[in-house]
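Heads up: the sequence lines are chains A and B, in that order. Each residue of the first sequence is one higher than the one before, starting from 1 at the first, in my numbering. Each residue of the second sequence is one higher than the one before, starting from 1001 at the first, in my numbering. Note that beta-carbon positions come from the ideal geometry of N, C-alpha and C, so glycine has one too.
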Amino acid sequence: MTDVTQQRTQAAAGPTGRSGVQRRSFLKLTLAAGVGAPLATGLAGCAAGGGSSSGVKTVAGQAKSASNPFGIDPAAKVDVVIFKGGFGDQYAVDAGKTYDTTWKGSGLATVTSTTKINTELQPRFVGSNPPDVIDNSGADSISFAGIQDKVETLDDLLEAPAIGFDGKKVKDILIPGATDPGTFNGHLLQMNYFYTVYSLWYGAKLFQTNGFTAPTTWDEVMALGAAAKAKNLSLFVFGGQNASSYYHELAISMAVRQGGKDVLKKLENLDPDGYSQEPVQQAFTALKKAVDAQYFLPGGSGMIHTQAQTQFVQGKALLYPSGSWLENEMIDITPKDFAMTSLQVPALGASPALKTGFHGAAGEPFIVPKGKNPAGGKEYLRNMLSKEAATNTSKLVKSATVVTGTVPEDGFGSTALASATKIQNAGLKEAYDWRYNTFYGMGKQIVTIWNTFLSGGMSVSDLTTQLQGLSDKVKADPSIKKFTVQ
Amino acid sequence: MRGRNLERISFFAVFLGLPLALYVFFVVSPILQAFYYSLTDWSGYDANPGFIGMTNYANLLHDNLFWTALRNNAVLAVVLPVVTIVLALALATLVTVGGSSRGQTRGVTGAGVYRVVSFFPYTIPAIVTGILWQQVYSPQGGLLNGFLSAIGFDNLANTPWLGDPHLALGAIIVAIVWSFVGFYMVLFVAAIKGIPAEIYEASRLDGAGSLRTAVQITVPLIRDNINTAVVYMAILGLDAFTYMAILAPTGGPNNQALVVTQYLYSNFTTAKYGYAIAMGVVLALVTLLVSIGVLVSSRKQEVEL
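Structure, rendered in structure tokens:
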């Protein structure tokens, strides 16, 4: 369950977010990989194959038309590999059935699933025999930097007719900004399928029992902290071993809400003053006050995210910053009446620039490698984005997809999904997201720095200097390809 | 004559040639390949990586995190063998010759039970050991902190054993030692059983105490076993990936528990296979040197019985 979360946490936690307990499964399979790799590739004489890039036969398709936008061969099989994490794989199997219905066949899309995306598929990339669709997620996902030029652009998917939406195109039925994380140099290379709302979370039942109200400003947060302390509870909890970066996400999110999207521009463009901006400093100072007031559950620096979250769902700490996967991730040990609820990040000052804004991002990247049946791969994605399949997915996994209007008001009975959807619907025009930390692979260092800060071992100015140092180092390195935000 | 020659040739072919061919194909060639890839900018997904000479190695020289990781590995490679072997020897001595000083040389009462029980941790897979100790060290409700506060150290009740830069590596070493002590104890017990009892009886008659017997009789006589243990534990210290991946997933507080294998793996996840493999090659060389060093230094000290 943590696997998928970690991957989807990347925006907050960076690559390190994935490194937690998930390596367990990596280790379990090292043996298999060690045996499998030489068999798969060793026969070619060397692991990289020495340039045998030929040998892939692309399926001959039909002419493109409105009903067959990618010109697929309706009888051809589509090879789909799904990351089986917290979302399972049933939603993808069901999307395969939708494909069958659309093309009046059976078993056309063969959906297989694994947690070892990279381990299993790396040899297939080297051997130029990748599957037609990959859900590139989880702890063992493929580094996109390594395969960026080996995947199809999905620009034509956006222009294709959406299924179940009377004449609309796929691009018209997606949540605004849904394609941003998967767009590289103006081309859509990854179709991110799930939509995550990042926010603070609380247990509504616990608040009700104790007579607490959900805070909307940082002052209220601090007052809540004092009230909690009086009842021997903590305000926050953090998993410093691998997920202290969730508080980095919270800080940046509060800063952007306070100062507007311009705050992000400097951070994204690695400006030397990125972290010295007033709203960012305000956010850091606010968190420092909570640290100094000892509102954090003691011992966070020695916990991993699941241990910290266990304390949260057991009611030992009132608030926890995370993405909307949290409910799913902790569902097995969350008390039935916990009523996990999403709370917009608090305003730092009197009049935040973004009144309804929130940090929202599409995650769980699906890619269509240049392989045997790329047209079929795109057609599979089109079916997965159909009204029927997307609704079914949200119902199955209690998470929103990037397809608009497929989650009912009651969130299929989940308070978390319902409250996150409410924040999402209210603030879509002011939603924001960033990717410099993941794009430049700063996640691991961010975890280490924030772990020290949240343990009380660092001042705000040290935190600023160290985080800025990460950005400066990337900026000064000419070998790293940069992106810019206008 | 010819027939016998043929027999000899086929004998060599089957018993030497075939294993050699398999060995070359499955062991030697991947090693050579790995070395070659360390000289390239291979992302991990291309069929034709570009050759960049020693660039990866030059970059390693300036990579602070790599040196931090190598230093931590060095600490593990020294501390793990010393602590594990001293403890294992002490236990082995207790259950074999550490018993009553009257009558026949024997272990302490209940030695059989101790021998079996102390072997238990070794039967647990490394992953499970890691998860187990992660819970033991948990700052909230962990076994260790619970124990400490129960015996009166209330101020230690929330100690983040794995989250404190000064404690993390030590805490992890304890977990690793715990899991291996029993195994090496059994190894040493077997070796000690091979020493003629007369030697112990003679030393006892000469008035040697148990410590002196252990240091001056047992250790020199089972030196081969100890050397083997040193090599294995040192190699484990140079790897330690499994334990670190669980107990210090991002390298621990301030990278105080980051090890080379872990840093290497994180480079796989960012499509820097060439760079990661260069680290692997360096680590392999270090491992080789350490093993040779231990074995060569031990050769001079062999005792003839």
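Quick check on residue i: buried or exposed, where buried means 16 or more other Cβ atoms within 10 Å of its Cβ?
i	result
aspartate 89(A)	buried
isoleucine 480(A)	exposed
serine 1043(B)	buried
isoleucine 449(A)	buried
glutamate 329(A)	buried
glutamate 1007(B)	exposed
leucine 1076(B)	buried
glycine 411(A)	buried
glutamate 268(A)	buried
In whole angstroms, what is the alpha-carbon distance linking residue i and residue j?
i	j	result
alanine 1175(B)	valine 1079(B)	13 Å
tyrosine 295(A)	aspartate 433(A)	28 Å
alanine 66(A)	asparagine 192(A)	24 Å
isoleucine 1192(B)	proline 1220(B)	11 Å
glycine 456(A)	alanine 1074(B)	30 Å
valine 1259(B)	leucine 1236(B)	11 Å
arginine 1299(B)	threonine 1123(B)	32 Å
asparagine 1227(B)	serine 1118(B)	21 Å
lysine 355(A)	tyrosine 440(A)	30 Å
leucine 1238(B)	alanine 1208(B)	38 Å
glycine 1130(B)	alanine 1245(B)	8 Å
glycine 1152(B)	tyrosine 1232(B)	39 Å
What residues in its chain sit with their C-beta under 6 Å from that of residue i, if we drop five residues either side in the sequence?
i	result
tryptophan 218(A)	Ala286, Pro346, Leu348
leucine 154(A)	Leu188, Met191
glycine 315(A)	Leu206
How about residue i and residue j: are their beta carbons less than 8 Å apart?
i	j	result
alanine 308(A)	glycine 239(A)	yes
valine 78(A)	valine 133(A)	yes
threonine 119(A)	asparagine 1254(B)	no
asparagine 1145(B)	leucine 1162(B)	no
serine 106(A)	isoleucine 82(A)	no
tyrosine 91(A)	valine 397(A)	yes
asparagine 68(A)	isoleucine 367(A)	no
threonine 1242(B)	alanine 1126(B)	yes
alanine 228(A)	serine 324(A)	no
threonine 334(A)	threonine 415(A)	no
valine 460(A)	phenylalanine 236(A)	no
glycine 259(A)	glutamine 277(A)	yes
proline 1160(B)	serine 301(A)	yes
glycine 376(A)	isoleucine 72(A)	yes
At a Cβ threshold of 8 Å, is residue i touching chain D?
i	result
leucine 1162(B)	Protein chains in the displayed structure are A and B, and chain D is not among them.
Using a Cβ-Cβ cutoff of less than 8 Å, which residues in the same chain neighbour residue i once the five nearest sequence positions on both sides are dropped?
i	result
threonine 404(A)	Ile173, Leu174, Ile175
tyrosine 1037(B)	Pro1049, Tyr1273, Gly1274, Ile1277
aspartate 100(A)	Ser106, Gly107, Leu108, Ala109
methionine 1111(B)	Position check: residue 1111(B) holds alanine in this sequence, whereas methionine was assumed. Once the five neighbours on either side are set aside, the close Cβ partners of alanine 1111(B) are Leu1094, Val1095, Thr1096, Gly1099.
leucine 1143(B)	Gln1135, Val1136
Counting contacts by CB-CB distance shorter than 8 Å, is residue i in contact with chain A?
i	result
glycine 1274(B)	no
serine 1138(B)	yes
alanine 1175(B)	no
tyrosine 1057(B)	no
glycine 1182(B)	no
threonine 1287(B)	no
proline 1081(B)	no
serine 1043(B)	yes
alanine 1284(B)	no
glycine 1099(B)	no
Measure from the C-beta of residue i to each C-beta in chain B and report whether the shortest distance is under 8 Å.
i	result
alanine 488(A)	The structure shown has nothing for residue 488(A), since chain A only spans 1 to 486.
isoleucine 125(A)	One detail in the question is off: residue 125(A) reads as phenylalanine in this sequence, not isoleucine. Yes, contact with chain B.
lysine 150(A)	yes
asparagine 210(A)	no
valine 474(A)	no
glutamate 294(A)	Here the sequence assigns glutamine to residue 294(A), which means glutamate is not the residue at that position. Not one chain B Cβ lies under 8 Å of glutamine 294(A).
threonine 448(A)	yes
serine 455(A)	yes
lysine 370(A)	no
asparagine 185(A)	no
serine 143(A)	yes
glycine 49(A)	Note that glycine 49(A) scores 48 on pLDDT, short of 50, meaning its location in the model is unreliable; the coordinates nonetheless yield the value given after this. Closer than 8 Å to some Cβ of chain B, the Cβ of glycine 49(A) qualifies, so yes.
Within a Cβ cutoff of 7 Å, which residues of the same chain sit near residue i, ignoring the five residues on either side of it in sequence?
i	result
tyrosine 1184(B)	Thr1084, Ile1085, Ala1088, Ala1229
threonine 1287(B)	Ile1235, Leu1238
alanine 214(A)	Tyr202, Phe207, Leu343
alanine 418(A)	Glu409, Asp410, Gly411
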